[in-house]
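Just below is one structure, and these are the notes that go with it.
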Amino acid sequence: MKVGEYMAGRGQPKKFTKEQFKNYVITYFERLYDGQNDKDAVSEPPTFFGFYRYVNEITNCSYHTIRRCYDEYWADIKKEFEELRADLLIRGSSMGRYNATTAIFALKNWCKWTDRQEVTQEANLTVTDNFLEALNNTAVEDWNEDIEDETAENNSVSI
40 MKVGEYMAGR GQPKKFTKEQ FKNYVITYFE RLYDGQNDKD AVSEPPTFFG
90 FYRYVNEITN CSYHTIRRCY DEYWADIKKE FEELRADLLI RGSSMGRYNA
140 TTAIFALKNW CKWTDRQEVT QEANLTVTDN FLEALNNTAV EDWNEDIEDE
190 TAENNSVSI
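Per the working numbering, the very first residue in the sequence shown carries number 40; after that it's consecutive.
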């Protein structure tokens, strides 16, 4: 099947294969990316509705059909989609096509970018029998020393 063709049986809603849908995503971003090269063009931000309009122009499919395919294939195309979107937002804002503040907001919320590096440390302590035995011996020694100190104080004679 060529781009623009879709599968549909008689009386069934139109549906795209995963590969077709992925190709629509890529060509949508290519179109937006190329639009940024034209000095007179105002490139639209990469939104789902913009994607819908693009696919609708090619296939004449309804919003619900495109949304259903998007939901079905999202897990498979998510990483590539977010990488393309981030690249487009960075390029567009650096060229002045997008407002920088809006691009930052979109990168943080849509592409999960952050301002700072988050470090997670995990400490795994292994408690062994030797450690517990040593701890127990130390506790017993401390206990005996405290008893000896109390006994010495009670047995001392004051003048």
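Where a beta carbon is used, it is the ideal one built from N, C-alpha and C, also for glycine.
query, result
"Report the start-end ranges of each alpha helix (DSSP H) in the stretch 96-160 that is 4 residues or longer and not cut off at the edges.", "102-133, 139-149"
"Beta-carbon within less than 6 Å of residue 94's beta-carbon, same chain only, minus the 5 sequence neighbours each way: which residues are those?", "63, 105"
"Have a look at residue 68 and residue 163 and give me their C-alpha separation to the nearest angstrom.", "45 Å"
"Quick one, are the C-beta atoms of residue 114 and residue 150 less than 8 Å apart?", "no"
"Could you name the residues of the same chain whose beta carbon sits closer than 6 Å to that of residue 121, not counting the 5 residues immediately before and after it, in chain order?", "150"
"Relative to the C-alpha of residue 59, which residue among 89, 103, 108 is closest?", "108"
"How close, in whole Å, do the beta carbons of residue 142 and residue 135 come, if the pair is a contact with beta carbons under 8 Å?", "So it is not a contact: roughly 11 Å between Cβ atoms."
"Ends of the alpha helix (DSSP H) at residue 59?", "57-74"
"How about residue 174 and residue 127: do their beta carbons lie closer than 8 Å?", "no"
"Relative to the alpha-carbon of residue 118, which residue among 65, 103, 144, 155 has its alpha-carbon at the smallest distance?", "65"
"Any C-beta of chain B sitting closer than 8 Å to the C-beta of residue 143?", "No chain B appears in this structure, which consists of one protein chain only."
"Identify which residue in 103, 85, 55 has its Cα closest to the Cα of residue 146.", "85"
"Within its chain, find whatever has a CB closer than 7 Å to the CB of residue 182; leave out the 5 residues flanking it on each side and keep chain order.", "none"
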